[in-house]
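Structure first, then comments.
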Amino acid sequence: MKKATVVIAFLLVSMINFAQETNTLIGKWTFKEPYEVEKFEADELKMVNEMFKNLSLEITAKEITISLFGKSEKSEYTIPKDKPNVIQLTSKTGQSVEVEILKKEEKQIVVKIGRAGPFVLVKA
Numbered sequence: 002m003k004k005a006t007v008v009i010a011f012l013l014v015s016m017i018n019f020a021q022e023t024n025t026l027i028g029k030w031t032f033k034e035p036y037e038v039e040k041f042e043a044d045e046l047k048m049v050n051e052m053f054k055n056l057s058l059e060i061t062a063k064e065i066t067i068s069l070f071g072k073s074e075k076s077e078y079t080i081p082k083d084k085p086n087v088i089q090l091t092s093k094t095g096q097s098v099e100v101e102i103l104k105k106e107e108k109q110i111v112v113k114i115g116r117a118g119p120f121v122l123v124k125a
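When the letters of the sequence shown are read in order and numbered with our numbering, they come out as residues 2 to 125.
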């Protein structure tokens, strides 16, 4: 009986933590700059800033909308239990991409989207 109680308590704590992690990400995140700006040469930094200046992620409880290059695409998402810092997206067209959260603060996150990034996004 004690084992069952411990397991149930552990599952409840895990679910609460998972819900809190997801809730802190809900909202609109916009591109600020590439991560570790100091590693870029001036021309490279200018090019990256120009290419990704309109990048945004809008996260709701059920889906993420990625906007880039003048296009927006909504995708359903899951967060694998073994990779809590990864958001697995599946678009309505069936394409799949991973968003890896490298660093998270209240108003700023560092993400890698597929092979692109890492980028610093700020909460709008």
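Glycine included, C-beta positions come from ideal geometry on N, C-alpha and C. Since the structure is predicted, the reported quantities are computational estimates derived from the model, not experimental observations.
query = If we call anything under 8 Å between Cβ atoms a contact, is residue 60 one with residue 103?
reply = no
ask   = How close, in whole Å, do the beta carbons of residue 101 and residue 87 come, if the pair is a contact with beta carbons under 8 Å?
value = The pair is a contact, with the Cβ atoms about 5 Å apart (cut-off 8 Å).
task = Check whether the stretch 64 to 75 touches the stretch 42 to 50, taking contact to mean three or more Cβ pairs, one atom from each stretch, closer than 8 Å.
result = no
request  = Enumerate in chain order the residues of its own chain whose CB-to-CB distance from residue 81 is below 7 Å, with the five nearest sequence positions on each side excluded.
outcome  = 87 and 89
Terminal residues of the beta strand (DSSP E) in which residue 100 lies = 97 to 105
Residue 13 - DSSP class collapsed to helix/strand/coil = Low local confidence applies: a pLDDT of 38 at residue 13 is under 50, so the model's placement there is unreliable, with the coordinate-based value given in what follows. Helix.
query = For residue 78, which of 93, 72 and 70 has the nearest alpha-carbon?
reply = 93
request  = In angstroms with no decimal places, state the Cα-to-Cα distance between residue 123 and residue 113.
outcome  = 14 Å
request  = Report all residues from its chain with a CB closer than 8 Å to the CB of residue 38; omit the five preceding and five following residues, and keep chain order.
outcome  = 46
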